[in-house]
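Participant: Sharing a structure here in structure tokens format.
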């Protein structure tokens, strides 16, 4: 097995070189960031570039934004996610709270039943069954969970949340998917990040920071943890450009440009 | 469909240019701010300018201030909200705790029944039914919820609050309304904003900051998140003028004027 | 109706000019401050000046300090509150925990029954009935609640406290009283104020700050929110003088005098 | 009634001049401070000087340190508390958890029964009965409660603690005692004091601060609130000398000596 | 009774002169510090020097580290604790969770039964009985409790913890032991110490601080409270040397050496 | 018994000289650090170097990352953990939530039964039985628990967590293993470390710090506590190199290199 086949290229310009060529294949990774840091864009870019540049199909599990909206928003980056979906290279598992009949959603696995966020009949086991079904259907190698934080809305106590998160990570790893799990960082403070249990269950943790410096917001990506990859210690500036997210490993965050 | 019809003009001077021409049509947006930052003014301006400048009718759902008071307060900005209401272009859904008979309130949908904030018979499903009814009556395209924070007074535990918020956002999105949800920011500290679950369920988050700088309060608007719109990173100063809220994208917050 | 009749003069020297001439008539306002900031003095001054300068009678609802003590303490400012009471221009609703027989208290409405703070038979509905009765008796236009924070001592959980506060504000507004509700600010920190639900249910919020600067305490008044009034953004110094509270809109807080 | 008879001289050198000649007679006052700030010394000095300099007898209610220990510790200031007790001018109500038989305690009112801190049969009503009994026995005008914080050890939830504190303050005020209630300030931080409900139920609040400045601890007294007395705003340095606590109104805290 | 017999020499070089010659005899004192500050060393030194220098026997009650380990670790300071134990001058009450049969523990009082930390049959009354028994056996004048914090592991709620602590302090004081109770300081921050209820139940509080200054940790001892002893206000540097803990009253903490 | 046999060499270059030659034999030590600080690498290096350089076998108990992943990740440091396992010198106890059949895991003790993290039949007593069994099988002298924090996911309340941690530390110490327990440090703040109960139950505490300095992350090791070893007070820089973790006792953290 070649070196490259052990690595999953992220499709995020400038990121792979920070982590020895890509994400270690077959594991779950956490992408942590506050509102507006570009987590969903990161997730779609990861899947779309996987299809177009690396011939690896993907699946997007959404507990929040409905698929039609994700597809529409992706167009601004020139990503034809809808086509990829029609070609069977990308699939959505739609667990979003928006009623499915209301707007054209692309695919709801029958196994999902009445499980969608906010429903009383929501069952994480239904979601996992749907993920398995969809994975096989499109032969997905990559997966995005958007988001672990939204999932917690469905549960009453911390213990149940931790247990469900644990089981989901467990199941995803066993399916040999290379998964990026999005998570909210609720505190908007420069000097602190809180890491929940998902951060030590994940094989890697990437943090998207957004600092207010005078009246600007400065964005910086930090590879906080990456098991099995020698990774940089540095905070790297990133921007959300017309081509998606770009990381600038050569620039500095606080005195750049 | 033209570019402009995908966008809902906010009616807030200086804001649309920050978000590629307006709010993405058909979604829910969060407006977060502390007391005195002008959230209600923002909401009324959004609806009133929608009617006068963009021929889009609107509805105002209030869990807090009664309609007659909102109407009276709007006069100082030269907005004849009462007339707009009489012309069937704007409607209120009055879920405020103030007894409805006490002062002339303009419209209470029959479906609302005994549901008003503070009542024991309060049911969010009644509120949603009233919203549907009123929406159809005035053919509303725009909606303001004032406020999500007041709504939480009615519930005992966090789980129930999260579930109700989730369902309300879900229902509003399915009605094809472009909704601005007001929310309190309980912390009055310069270096921190807390984002609750509503912030990641919303399509966009706009924060109204109020900083104390020596003995003055400085106001600044931040577009924290806006799915489907390339938006600015900068904090922009805003003021509450005799014509309503105005944002100054060209000025700086901390060393301006 | 003239402009002035829409406004209730506060009787606090220097304050009315900050809020377009006075408090908007018929609403509830929150006065937030820590121990020693002069909240009770503010409340008494508002009622007493209402009687002497604006011919508006008032009522003082106390959950804390007994009436005889409030009357005695007011003498230092030259306010003959006892006389005003005897003339039927000012009335107390005594819900204080101090036993009523112990010292001459001026008036306890029969409807109050066994409701006083700390009693097992305390009922907020009794208090509201007493307020209605006293309002009619003295034809009160102004009301002071001292304090919302003391009221919370009587309840076990946050939900009940929020509901009771909500109902009290609701009832007071429906009685057409212009009410100032005193509330404790438990944190004595320069950079933070916490605003509870009463702050967004109130029509306006005035904060009395007390900052420690070296070994002095500096006092400053902030009109944080005032619906229906264009109000200043600035922190204004105030002092507790021999004539009561005086606000100095022309002075600066941090480099003044 | 003369001016002086309305005031209770504190016996703390330098303090009375900060509060218009003494504590307003007949009320309860809170003395708030962290460990080592001299709260017990303050309390004993208040009672002892009352006896020796102002011919007013006193009573010390202790929930913490046993009387024999308080008596022994007072000797270092030259206060013969034991003699004052024998002469019937000062009495202890011993509710301390230390077993009463173990060492010579001076007086346990029969009404106290099995009520002492830590006992299962502890009843605050027994304590109040004992206070009444002892008050009458020595004709006490002054009272010290040491401490409200220790009392809270006996209760399970915040509500019960608040209710018991409320009732105790209520009862003490009705007995016409001028009472100083000691309370712990659990946070040892320069920029913050938390004020519990007892602070707004009390007629006055005096805070004993202890700041660490480099390797020294600087002590400063603040009269935070004093109903019915024009009091200083300034932080005043104090020291615990061989004659007890002395406040220095003319000195500055941070650049003094 | 001579002055010196009222004082218990601590055996900590440099400490007694800070507290008028030693700890007031017969009371309980709190020693508060974070991990690595030397609390156990302080406790052993107090007992061992009591035996060798002041002919006072002692007892060490351990809820954490087993006796054999404490004995072994003491050897590095040249203290032959094992010999002292064999000579009946020092005794351990072993309530540590480590199984007693596993390694040679020196003495387990029969009265202790199945009471050891972590056991379901743990009873604090058994521990107190064992302490009484051992005290009489070796005629102990000094006692160390290591630690109050470990004891809290055994209880479910804060109320129970406070009650048990209260009873233990009560019982120890009645046995005429001069006791040092070790307690963890969970926060490692320069600007804050939290004091629990044990701090105001104790006759004195000594805090061991550990500050990070650049890459070094600076240690400083503070006598925060000492009833019945005139004590210094200053923070004094201390070190853990080959002869045990030494305090340097003449040196300064932040600019010394 | 020679000096060296009392000490267990850590295998971490530069660390042993900070703690008098190694870890005191037979105790439990806590290794505390946030995500990405290299805790797992530290644990594997401790066991692997024990085998190759000191002829001491070891066991790795994992509640998180499955053994095959730990083995694969170790290869980057040139450590052939898989060979060591085949030679019976190192063994894994696999309590990770990943399904054991999914990928070749090396050894699951039969006594473990259905106990693995996330399973409903999880029993800590099964885990301890498996540890005993594996210890005897490979004659382990060293043990790593990865991690105490993951273990807490399985329990509902803090009391249960504390009790289970207490029992595990107790059992491990009685097996004469020299154990390093990994634990998450959830706060990523420069000025604070929180120490849980495990920190005072452990014989030593080593903290791996990760500070953000401008856009770099600086790593520093602190020996916070080490019973029975004179250890340094200084923060020492460390790096994760191609040969594993290296500590640099001679360098400074903040102005080095």
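Chains as they are written, first to last, in our numbering: chain A, 1 to 257; chain B, 258 to 514; chain C, 515 to 771; chain D, 772 to 1028; chain E, 1029 to 1285; chain F, 1286 to 1542.
Each residue gets a CB set at the ideal place from its N, CA and C atoms; glycine is no exception.
Please read these numbers as outputs of a predicted model, since none were measured by experiment.
#1: Any beta carbon of chain E sitting closer than 8 Å to that of residue 1295 (chain F)?
#2: Thinking C-beta only, is residue 341 (chain B) closer than 8 Å to residue 388 (chain B)?
#3: Give me the Cα-Cα distance between residue 494 (chain B) and residue 547 (chain C), rounded to the nearest whole angstrom.
#4: Can you tell me whether residue 1332 (chain F) is buried or exposed, with buried defined as 16 or more other CB within 10 angstroms of its CB?
#5: Tell me which residue opens and which closes the alpha helix (DSSP H) that residue 1080 (chain E) is part of.
#6: Just by C-beta distance, which residues in the region 297 to 319 of chain B are closer than 8 Å to chain C?
#7: Are the beta-carbon atoms belonging to residue 11 (chain A) and residue 53 (chain A) less than 8 Å from one another?
#8: Using C-beta distances below 8 Å, list every residue in its chain close to residue 235 (chain A), excluding the 5 sequence neighbours before and after it, in chain order.
#9: List the endpoints of the continuous alpha helix (DSSP H) containing residue 67 (chain A).
#10: Along chain G, which residues have their Cβ under 8 Å away from the Cβ of residue 1145 (chain E)?
#11: Could you round the C-beta distance between residue 229 (chain A) and residue 24 (chain A) to whole angstroms and report it? I think they count as a contact, below 8 Å.
#12: Please report the distance separating the alpha-carbon of residue 1414 (chain F) from that of residue 1396 (chain F).
#13: Determine the DSSP secondary structure at residue 440 (chain B), reduced to helix, strand or coil.
#14: Would you say the region 1108 to 1123 of chain E touches the region 1189 to 1198 of chain E, given that touching needs at least three Cβ pairs under 8 Å?
#15: If I follow the unbroken alpha helix (DSSP H) through residue 673 (chain C), where does it start and stop?
#16: Measuring CB to CB, does residue 522 (chain C) end up less than 8 Å from residue 575 (chain C)?
#17: State yes or no: is the C-beta of residue 1163 (chain E) within less than 8 Å of the C-beta of residue 1205 (chain E)?
#18: Taking 8 Å as the CB-CB cut-off, is residue 1515 (chain F) touching chain A?
#19: Could you check whether residue 233 (chain A) and residue 1470 (chain F) sit closer than 8 Å to each other, using their CB atoms as the reference points?
#20: Using 8 Å for Cβ pairs, my map puts residue 1490 (chain F) next to residue 1315 (chain F). What's the rounded Cβ distance?
#21: State yes or no: is the C-beta of residue 528 (chain C) within less than 8 Å of the C-beta of residue 760 (chain C)?
#22: List in chain order: all unbroken beta strand (DSSP E) runs of 3+ residues lying wholly within the region 850 to 913 of chain D.
#23: Expressed to the nearest angstrom, what Euclidean distance is found between the alpha-carbon atoms of residue 943 (chain D) and residue 1015 (chain D)?
#24: Check the Cβ-Cβ distances between residue 1310 (chain F) and every residue of chain E, and say whether any is below 8 Å.
#25: Just verifying my parser: in three-state terms, what is the DSSP assignment at residue 405 (chain B)?
#26: How big is the Cα-Cα spacing for residue 941 (chain D) and residue 606 (chain C)?
#27: If you draw a straight line from the C-alpha of residue 888 (chain D) to the C-alpha of residue 868 (chain D), how long is it?
#28: When DSSP labels each residue in this structure, what does residue 200 (chain A) get in the three-state scheme?
#29: What does the alpha-carbon distance come out to for the pair residue 1412 (chain F) and residue 1459 (chain F)?
#30: Can you tell me whether DSSP reads residue 1476 (chain F) as helix, strand or coil?
#31: Within a Cβ cutoff of 7 Å, which residues of the same chain sit near residue 366 (chain B), ignoring the five residues on either side of it in sequence?
#32: Could you list which residues in chain F have their beta carbon closer than 8 Å to that of residue 162 (chain A), in chain order?
#33: Quick one: what's residue 1515 (chain F) bridged to in DSSP?
#34: Bridge partners of residue 5 (chain A), per DSSP?
#35: Is residue 27 (chain A) near residue 203 (chain A), with beta carbons less than 8 Å apart?
Facilitator: Taking the coordinates as given:
#1: At a cut-off of 8 Å between beta-carbon atoms, residue 1295 (chain F) makes no contact with chain E.
#2: Not closer than 8 Å, so no.
#3: Between the alpha carbons of residue 494 (chain B) and residue 547 (chain C) lies a distance of about 28 Å.
#4: Residue 1332 (chain F) comes out buried.
#5: That run of the alpha helix (DSSP H) goes 1067 to 1082.
#6: Using a CB distance below 8 Å, the part of the region 297 to 319 of chain B facing chain C consists of 297, ordered along the chain.
#7: Residue 53 (chain A) is positioned such that its CB atom lies closer than 8 Å to that of residue 11 (chain A).
#8: Same-chain partners within the cutoff: 209, 220, 221, 222 and 253.
#9: 67 to 74 is the extent of the alpha helix (DSSP H) around residue 67 (chain A).
#10: Here the protein chains are A, B, C, D, E and F, and chain G is not one of them.
#11: Right, their Cβ atoms sit about 6 Å apart.
#12: Taken atom to atom, the span from the alpha-carbon of residue 1414 (chain F) to that of residue 1396 (chain F) is near 6 Å.
#13: Note: residue 440 (chain B) maps to strand in three-state DSSP.
#14: At 8 Å Cβ cutoff, the stretches do not touch.
#15: First-last of the alpha helix (DSSP H) with residue 673 (chain C): 672 to 688.
#16: Judged by beta-carbon spacing, residue 575 (chain C) lies beyond the 8 Å limit of residue 522 (chain C), meaning their Cβ atoms are not closer than that value.
#17: Taking 8 Å as the Cβ cut-off, residue 1163 (chain E) and residue 1205 (chain E) qualify as a contacting pair.
#18: Taking CB atoms only, residue 1515 (chain F) has no neighbour in chain A less than 8 Å away.
#19: No, the Cβ-Cβ distance between residue 1470 (chain F) and residue 233 (chain A) is not below 8 Å.
#20: With a beta-carbon spacing of about 5 Å, residue 1490 (chain F) and residue 1315 (chain F) fall inside the 8 Å limit used to define contacts.
#21: Yes, the Cβ-Cβ distance between residue 528 (chain C) and residue 760 (chain C) is below 8 Å.
#22: As far as the region 850 to 913 of chain D is concerned, its whole beta strand (DSSP E) runs of at least 3 residues are 861 to 865.
#23: Straight-line spacing of the CA atoms in residue 943 (chain D) and residue 1015 (chain D) works out to 26 Å.
#24: For residue 1310 (chain F), no Cβ of chain E is located within less than 8 Å of the residue's own Cβ.
#25: Helix, per DSSP.
#26: When rounded, the distance between both Cα atoms is 19 Å.
#27: When rounded, the distance between both Cα atoms is 5 Å.
#28: It is helical.
#29: Approximately 15 Å, taken between the alpha carbons.
#30: For residue 1476 (chain F), the predicted structure reports a pLDDT of 44, less than 50, and the residue's modelled location is therefore unreliable. A value from the coordinates is still provided. It is coil, neither helix nor strand.
#31: Closer than 7 Å at the Cβ level, and outside the excluded window around residue 366 (chain B), lie 350, 387, 390 and 391.
#32: By Cβ distance, chain F contributes 1438.
#33: Under DSSP, no beta-bridge partner is assigned to residue 1515 (chain F).
#34: None, per the DSSP bridge assignment.
#35: Against a cut-off of 8 Å, the Cβ pair of residue 203 (chain A) and residue 27 (chain A) comes out as a contact.
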